[in-house]
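In UniProt numbering, the protein residues as written are 1 to 293.
For each residue, glycine too, the CB sits at the ideal point set by N, CA and C.
Since this is a predicted model, take the numbers as computed values, not measurements.
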C-alpha cells in the first residue's frame, strides 16, 4: 500500500532512539534470544516471559525522524513508512472507537536498534516488535522487517510492513477495551487466551487496512494512503502467515506442537486479518467468543 505523495507526516508521534542503545543483553542462557523472538514475534509484553529478562524502566532520551515529512518519504524509507502508518492508525482509531463510546488515548511509538529500555523491562532487537501496556508504547526495530523476509519468508511489500505496525496498535486497542490481560491469564495452547489475543490483533490490523485509504490527516484532510491493490492484500497475508506458530516451530525444531502455541497458526492469522479487512466491523473480531479459530 503506497502513501499519497503529498500526505503530510507528523514525526513527533514516533520517538527515534536509534543509536541510543542501552547495552542490554537478553538473559536466559543459551538460546534466550531465540526463545524471546519466537515468543514475542508481533507480541505484547516481555514481562510475560518471567525470568527470561531483567527488569528495566523507560524514560530513555529520544528524538524524532525529521526527514519524514511527506507520503513520498514514507514510500522511500522504512522508518518514514513506520511513522506514516503510526499517523494513519492514530487518525483512524479515535473516530472508529467513538461510535462505541471508547476514548482513544494516543499510544507512544518507538523506533530503536540494538536495545532499549521499556516500561516492561529492557528489550533487544531479538524480541521483534511488541507492545508494552505498562507504558502504552509500541516498539519497532526496522531491522526486523528484513528479518521477516529473510528468515521467515514474508513478502517485503509495504502492507506486509504496515500490517506489523497495525498489529501492535491492535494490542493498544485491546488494552483500552480490557481484553489484553486475557493473554496472561491463559498463556499457551491452540485455543488459549494468548492465541485469541494475537488473532484479535490481526483482525484489528485488517480492520484498519479496510479504512486506511479513506483515513485522512485531520490537519490537512489529505488521505495518508492510496487504495489497496490485490498485491497489497497478498503482502499482508504473507506477513501474517510467516509468523504463524506452526511455521516458526517447524523451522526451529522440525515439528509442530500446538500445545506450545501463543500466537496461532499461519492459516488462523491470515483468516482473522481477512475477517477484519472484509467486514470492517470490530464486532467480527471477537476471537474470545469464537468456537473455531
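For residue j and residue i, the rounded distance between their alpha carbons
i	j	result
residue 174	residue 286	11 Å
residue 9	residue 225	11 Å
residue 127	residue 241	18 Å
residue 295	residue 168	In the structure as shown, the chain begins at 1 and stops at 293. Residue 295 is therefore absent and cannot be evaluated.
residue 87	residue 204	16 Å
residue 1	residue 228	6 Å
residue 272	residue 235	15 Å
residue 256	residue 269	16 Å
residue 112	residue 20	8 Å
residue 278	residue 211	10 Å
residue 122	residue 184	19 Å
residue 281	residue 106	21 Å
residue 80	residue 117	22 Å
residue 70	residue 216	14 Å
residue 370	residue 258	Only positions 1 to 293 of the chain appear in this structure, which leaves residue 370 out of reach.
residue 138	residue 146	19 Å
residue 247	residue 198	16 Å
residue 125	residue 103	31 Å
residue 283	residue 177	12 Å
residue 165	residue 243	14 Å
residue 239	residue 220	31 Å
Continuous beta strand (DSSP E) stretch holding residue i: start and end
i	result
residue 137	137-140
residue 132	130-132
residue 110	108-111
Enclosing alpha helix (DSSP H) for residue i [first to last residue]
i	result
residue 195	193-211
residue 100	Note, residue 100: premise wrong, no alpha helix (DSSP H); not H, not E.
residue 173	158-177
residue 149	143-150
residue 184	182-185
Helix, strand or coil at residue i according to DSSP, with G and I counted as helix
i	result
residue 73	helix
residue 216	strand
residue 262	coil
residue 116	strand
residue 287	helix
residue 15	strand
residue 245	helix
residue 233	helix
residue 153	coil
residue 281	coil
residue 85	helix
residue 270	helix
residue 78	helix
residue 255	coil
residue 189	coil
residue 61	Unreliable placement is indicated for residue 61, whose pLDDT of 43 sits below 50; the coordinate value is still reported in the next sentence. In the structure shown, residue 61 sits in coil (DSSP, three-state: anything other than H, G, I, E or B).
In DSSP terms, what residue i is bridged to
i	result
residue 3	225
residue 123	116
residue 8	70
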